[in-house]
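Single-structure report; data block below.
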Amino acid sequence: MKKKLGEIASFLGGELVGDAQVMIENIRGIDEAAEGDLTFISNPKYLKSIETTNASAILVPPGRTRVDKNLIIVDDPYVAFGKVLDLFYPEDHNPPETRGDTFIEDGAIVSKDAKIFPGVYIGQGAHIERGVILYPGVAIGRHVFIGEDSILYPNVTVYRRCIIGKRVILHAGVVVGGDGFGFARPGQDNVKIPQVGIVQIDDDVEVGANTTIDRGNPGKTWIQRGVKIDNLVQVAHNVVIGENSVIVSQVGIAGSCKLGKSVIIGGQAGLAGHITIGDHVMIGAQSGVHDDIPAHQVVSGSPHLPHRQWLRVEACVAQLPEMRKTVSSLLKRVAELEKK
Amino acid sequence: MKKKLGEIASFLGGELVGDAQVMIENIRGIDEAAEGDLTFISNPKYLKSIETTNASAILVPPGRTRVDKNLIIVDDPYVAFGKVLDLFYPEDHNPPETRGDTFIEDGAIVSKDAKIFPGVYIGQGAHIERGVILYPGVAIGRHVFIGEDSILYPNVTVYRRCIIGKRVILHAGVVVGGDGFGFARPGQDNVKIPQVGIVQIDDDVEVGANTTIDRGNPGKTWIQRGVKIDNLVQVAHNVVIGENSVIVSQVGIAGSCKLGKSVIIGGQAGLAGHITIGDHVMIGAQSGVHDDIPAHQVVSGSPHLPHRQWLRVEACVAQLPEMRKTVSSLLKRVAELEKK
Amino acid sequence: MKKKLGEIASFLGGELVGDAQVMIENIRGIDEAAEGDLTFISNPKYLKSIETTNASAILVPPGRTRVDKNLIIVDDPYVAFGKVLDLFYPEDHNPPETRGDTFIEDGAIVSKDAKIFPGVYIGQGAHIERGVILYPGVAIGRHVFIGEDSILYPNVTVYRRCIIGKRVILHAGVVVGGDGFGFARPGQDNVKIPQVGIVQIDDDVEVGANTTIDRGNPGKTWIQRGVKIDNLVQVAHNVVIGENSVIVSQVGIAGSCKLGKSVIIGGQAGLAGHITIGDHVMIGAQSGVHDDIPAHQVVSGSPHLPHRQWLRVEACVAQLPEMRKTVSSLLKRVAELEKK
């Protein structure tokens with residue numbers, strides 16, 4: 000695709016500074032960009048790259064110092080970058096015309112405007128709305144509901160009776176609704192407790208590859224509107240994740256945790272069961288959270304501490320061998336003083 | 000489903016205190032329960048909820064103080080809760096009658112009383128016993144054995160020659176028998192060592208979604224009877240997990256570890272290779288275990304420490320900045336004293 | 000299979016010490032080995048087992064003390080062990096003759112010498128070279144390239160336009176090319192940035208079960224020649240992993256990290272985004288790496304420290320309660336001295 004920079008500026012509703020006639024053929028990152036490329040700058044850390052990039056034009060935020068480059072000034076360059084990526088590289092989710100077989104049980108309701116690839120299984124009583132895309136190897140259990148325009152990539156499994164909202168994206172290998180890890184007398188005879196609840200995923204949620212979200216028991220595990228979950232995350236039974244929260248890769252959230260809105264959890268962090276996390280809490284990567292956290296707090300470490308305290312503690316930890324030497328020398332000096 | 004409370008009490012062999020005629024329509028957790036619901040209380044922490052719940056009846060352990068509610072007294076309310084869940088919400092694992100195709104190689108032996116969903120692949124020489132349920136997308140390698148009444152959920156993979164016992168449950172996306180991570184001259188030219196052993200999973204094991212269990216080489220990786228493994232766990236080549244052990248989500252167990260019976264490992268813990276763990280050991284969440292642990296010990300932390308020592312250590316860690324200040328002030332005071 | 004020890008020695012180009020006529024029927028580990036078995040010893044730790052093993056013969060490195068056993072002396076016994084495993088237990092990757100259906104879109108180019116199992120989906124414009132083996136449930140997106148002799152085990156997903164080299168092994172459930180975790184205004188409205196780059200996997204790479212490798216955006220995520228990645232690893236968008244690096248299970252590598260050659264990362268370690276790791280760096284298990292590491296360094300801990308410093312620090316950490324007591328007693332003793 001080729002587009003004039005002026006057209007792109009109009010498309011974005013941005014202010015053009017420079018040559019409206021320059022042709023843009025590709026969208027690339029600022030360091031790899033070459034002639035014919037549009038790039039963007041969002042983080043002030045990379046401002047210097049504006050001088051050195053070979054890109055033909057740059058998306059920039061308002062208030063930049065003047066440079067001798069073609070610029071489009073937009074409120075949020077990263078969001079604008081997303082829009083031009085969509086424009087230049089539209090995705091094609093259409094299945095092949097009629098080749099191959101799908102396995103749709105009698106009594107499943109599948110919109111004629113859903114796109115079902117071969118090799119998909121849809122159980123009895125399932126309800127697939129219009130615009131839904133089911134890639135090969137997707138298995139939809141009985142009485143599952145999938146809302147409009149959701150995309151399920153290959154080999155996703157949704158267990159019976161779970162509810163998926165609109166515009167939800169489940170990446171390859173995601174498992175929704177597996178049994179929670181519930182056993183009576185653990186370590187003795189591990190009596191299995193039937194897991195009879197569901198998972199409810201609200202609109203505009205995205206879930207990364209091979210992430211697992213267990214069904215509630217009883218009741219539901221609930222991923223609220225706009226939540227984004229990365230790859231290989233574990234969400235246990237009866238967890239609630241509040242609107243617009245962001246959960247980075249390999250996080251583990253144990254049973255019955257309740258997370259507020261706009262919570263952000265860094266990679267590989269773990270939350271013990273039955274914890275309540277307030278709105279806008281930020282939890283650092285690899286943290287171990289063992290207790291409730293009130294709204295707006297920032298925590299780090301395992302066991303977790305307020306982030307600033309954790310920074311001070313870790314600075315001390317790295318200095319411990321020196322502190323030990325100091326304490327040893329103090330012991331001798333005090334003993335010496337005591338002799339006198 | 001509707002049942003009278005008296006019927007349920009008989010079914011459970013429990014003692015009814017209250018109105019045998021009250022109708023139960025649903026089973027729910029104590030906080031969400033409403034009229035028509037049966038709930039349970041197991042953890043003494045939640046005893047107060049007995050007063051406030053709207054449930055029509057409650058499963059309680061013996062020796063409870065009297066309350067003005069309908070109660071069924073049972074030895075283990077959580078186990079009883081499991082039984083009534085099974086009663087009220089029986090699961091239907093029947094595949095559709097004849098619709099759709101399976102891919103069964105010649106020379107596979109599949110019991111006519113096994114339930115094979117469409118989209119299942121079964122390799123030559125595999126042996127599928129009666130009562131087995133294979134959901135769509137399950138791939139059974141050559142010469143694999145699956146014992147009676149085991150359930151493999153969608154998109155499970157079992158590699159060649161692995162052995163699965165009776166009443167085993169493998170949740171969606173589980174991989175049994177992938178190659179162990181064995182390379183000669185690591186970091187140089189990484190020569191692959193063929194991985195020729197197997198995985199053996201004994202009766203009554205349950206494995207959570209997207210967990211991976213590598214084949215032994217040579218010999219076997221062995222998950223013994225009654226073991227329960229949560230989601231996204233890594234079990235490396237030649238590991239042995241003893242009977243009734245419980246492994247929580249995202250744990251990693253490196254090659255050739257030998258775990259005794261009734262070991263419990265908390266979420267995200269890691270075990271280095273070639274470690275022996277005694278019976279009834281408990282390992283805390285996020286621990287890093289680098290050495291053998293004798294039977295009945297409780298450990299936490301990374302690197303792990305006896306649990307009580309770890310609690311004392313972590314209390315000190317959080318206080319390190321204060322300790323550093325104290326040591327600095329001591330240095331000054333001692334220098335002052337030395338001057339005199 | 001049965002082979003004379005003399006034949007095996009010739010096959011390996013090793014020096015036979017002992018009876019060339021002894022028959023070898025199986026290859027086993029040194030502790031389980033019995034009569035008729037060939038075993039090996041590589042780690043000097045296990046030298047004593049030479050005396051006690053029941054194996055009929057042993058692969059040993061040069062310079063061993065004499066024992067009354069049949070030996071084959073080879074430069075690298077572990078590599079030789081791999082070769083005899085291949086000889087005794089060759090793997091059969093042939094699909095069944097014609098049974099079952101595959102889902103190959105028009106416009107896909109599939110070599111007639113590729114082996115495609117039933118239940119495989121191959122998208123339009125994909126290119127599958129000769130010798131490639133695709134197991135059931137593999138989903139190959141549009142315009143994907145898979146080089147000669149690569150093996151994709153069941154339920155692997157490769158998203159659109161990714162490039163896989165020659166002799167690559169992707170174990171069951173691997174996901175290549177899922178969307179990177181890219182959202183503008185995280186925690187506010189989480190605007191999705193389209194992920195339009197690719198994953199490029201070079202020759203001789205092996206990737207463990209259920210590992211996820213996200214596509215770049217823009218540009219590529221790049222796994223270079225000879226890299227070995229274990230199970231359940233997360234590789235984020237635009238990461239580069241240099242030749243022959245070894246990444247152990249459950250490691251997480253955040254976006255845009257650049258790893259040099261022959262880097263070794265222990266299990267469950269995590270790397271923050273945009274970090275550069277030099278050649279031959281070793282990162283300990285469960286480390287948390289938050290900053291660049293120059294070539295040839297060894298680091299451990301979270302936050303990471305040089306390995307030797309970390310060892311000293313951890314020794315102090317375990318002694319903290321004692322140190323705290325010492326400091327308290329010093330406080331009293333100094334106060335006492337000050338009184339005088």
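Protein chains in written order, with numbering that gives the first Met the number 0: chain A, 0 to 339; chain B, 0 to 339; chain C, 0 to 339. Note that the Cβ used here is the ideal one computed from N, Cα and C, for glycine as well. Since the structure is predicted, the reported quantities are computational estimates derived from the model, not experimental observations.
Open item on the list: Please classify B/A33 as buried or exposed, where buried requires at least 16 other C-beta atoms within 10 Å of its C-beta.
Closed with: With fewer than 16 other Cβ atoms from the protein chains shown falling within 10 Å of its own Cβ, B/A33 counts as exposed.
Task: Minimum C-alpha distance to A/A294 - residue among A/G269, A/K257 and A/K324 - done: A/K257
- [ ] Can you tell me the Cβ-Cβ gap for C/D178 and C/R214, rounded? I've got them flagged as a contact below 8 Å.
- [x] 7 Å
Task: Proximal chain A residues relative to C/P61, where beta-carbon distance stays under 7 Å - done: Within 7 Å Cβ-Cβ: nothing; C/P61 doesn't reach chain A, min ~42 Å.
Open item on the list: Just to confirm my understanding: we take B/A79, look at its own chain, exclude 5 residues before and 5 after, and list those with CB closer than 8 Å. What are they?
Closed with: L11, G13, F39, L58, I71 and V73
Open item on the list: Just verifying my parser: in three-state terms, what is the DSSP assignment at B/F180?
Closed with: coil
TODO: Reducing DSSP to helix, strand and coil, say where A/D85 ends up.
DONE: helix
TODO: Kindly indicate the opening and closing residues of the alpha helix (DSSP H) around C/V297.
DONE: Segment V297 to S299 is the beta strand (DSSP E) holding C/V297; no alpha helix (DSSP H) there.
Open item on the list: Assuming C/V312 is part of the alpha helix (DSSP H), what are its boundary residues?
Closed with: H306 to A317
TODO: Use the C-beta contact count for B/K339: other C-beta atoms within 10 angstroms, 16 or more gives buried, fewer gives exposed.
DONE: Burial state of B/K339 is exposed, judged by a 10 Å Cβ sphere holding fewer than 16 other Cβ atoms.
Open item on the list: Using a Cβ-Cβ distance cut-off of 8 Å, determine whether C/P153 contacts chain B.
Closed with: yes
TODO: Residues of the segment 105–125 of chain B with a CB closer than 9 Å to any CB of chain A: list them in chain order, please.
DONE: F116, P117 and G118
Open item on the list: What are the residues in the segment 156–171 of chain C lying within 7 Å of chain A by C-beta distance?
Closed with: Those would be T156, in chain order.
Open item on the list: Could you check whether the Cβ of C/V316 sits closer than 8 Å to any Cβ belonging to chain A?
Closed with: Taking 8 Å as the threshold, the shortest C-beta distance from C/V316 to chain A falls below it.
Open item on the list: B/D202 and B/I222 - do their beta-carbons sit closer together than 8 Å?
Closed with: Against a cut-off of 8 Å, the Cβ pair of B/D202 and B/I222 comes out as no contact.
Task: For C/G122 and C/A107, the rounded distance between their alpha carbons - done: 6 Å
TODO: Kindly list, in the order they appear in chain C, the residues whose Cβ is closer than 8 Å to that of A/R323.
DONE: Residues of chain C with a Cβ closer than 8 Å to the Cβ of A/R323 are, in chain order, C315, Q318 and M322.
Open item on the list: Count Cβ pairs between the segment 144–154 of chain C and the segment 182–198 of chain C that sit closer than 8 Å; are there 3 or more?
Closed with: no
Open item on the list: Contact criterion: CB-CB distance below 8 Å. Does B/G81 meet it with respect to chain A?
Closed with: yes
Task: Per-residue DSSP class, three states only, for B/R98 - done: Reliability of the predicted coordinates at B/R98 is poor, the pLDDT of 47 falling under 50, and the value obtained from them is presented with this limitation in mind. It is coil, neither helix nor strand.
Open item on the list: Could you pull the DSSP bridge partners for C/L151 from this structure?
Closed with: C/L151 pairs with C/L133 and C/L169.
Task: Bridge partner(s) assigned by DSSP for C/L270 - done: C/I252 and C/V288
Task: Straight-line gap, C/V16 to B/I292 (C-alpha atoms, nearest Å) - done: 40 Å
Task: Contact under 8 Å by Cβ, A/C315 with B/P320 - done: yes
TODO: Find the nearest neighbour of C/E205 within the set C/A171, C/A317, C/H289 and C/Q318, judged by alpha-carbon distance.
DONE: C/A171
TODO: Provide the residue span of the beta strand (DSSP E) that contains B/T38, from first to last.
DONE: D36 to F39
Task: Interface residues of chain A facing C/Q233 [CB-CB closer than 8 Å] - done: D229, N230, L231, S248, Q249 and G266
Task: For A/Y158, the three-state DSSP class (helix, strand or coil) - done: coil
Task: chain B residues whose Cβ lies nearer than 9 Å to that of C/I263 - done: P185 and G186
TODO: Taking the CB atoms as reference points, tell me whether C/V175 and C/V157 lie closer together than 8 Å.
DONE: yes
- [ ] Output yes if chain B places a C-beta closer than 8 Å to the C-beta of C/G12; else output no.
- [x] no
Open item on the list: Please tell me whether C/V239 and C/A268 are closer than 8 Å, where the distance is taken between their beta carbons.
Closed with: no
Open item on the list: Nearest by alpha-carbon distance to B/D36: which of A/G251, A/P217, A/V245 and A/S328 is it?
Closed with: A/P217
Open item on the list: What would DSSP say about B/L15, mapped onto helix, strand or coil?
Closed with: strand
Open item on the list: Contact criterion: CB-CB distance below 8 Å. Does B/R307 meet it with respect to chain D?
Closed with: Absent from the structure is chain D; the protein chains it does hold are A, B and C.
Task: Sub-8 Å separation of A/G207 and A/S248 beta-carbons - done: When the beta-carbon positions are compared, A/G207 and A/S248 come within less than 8 Å of each other.
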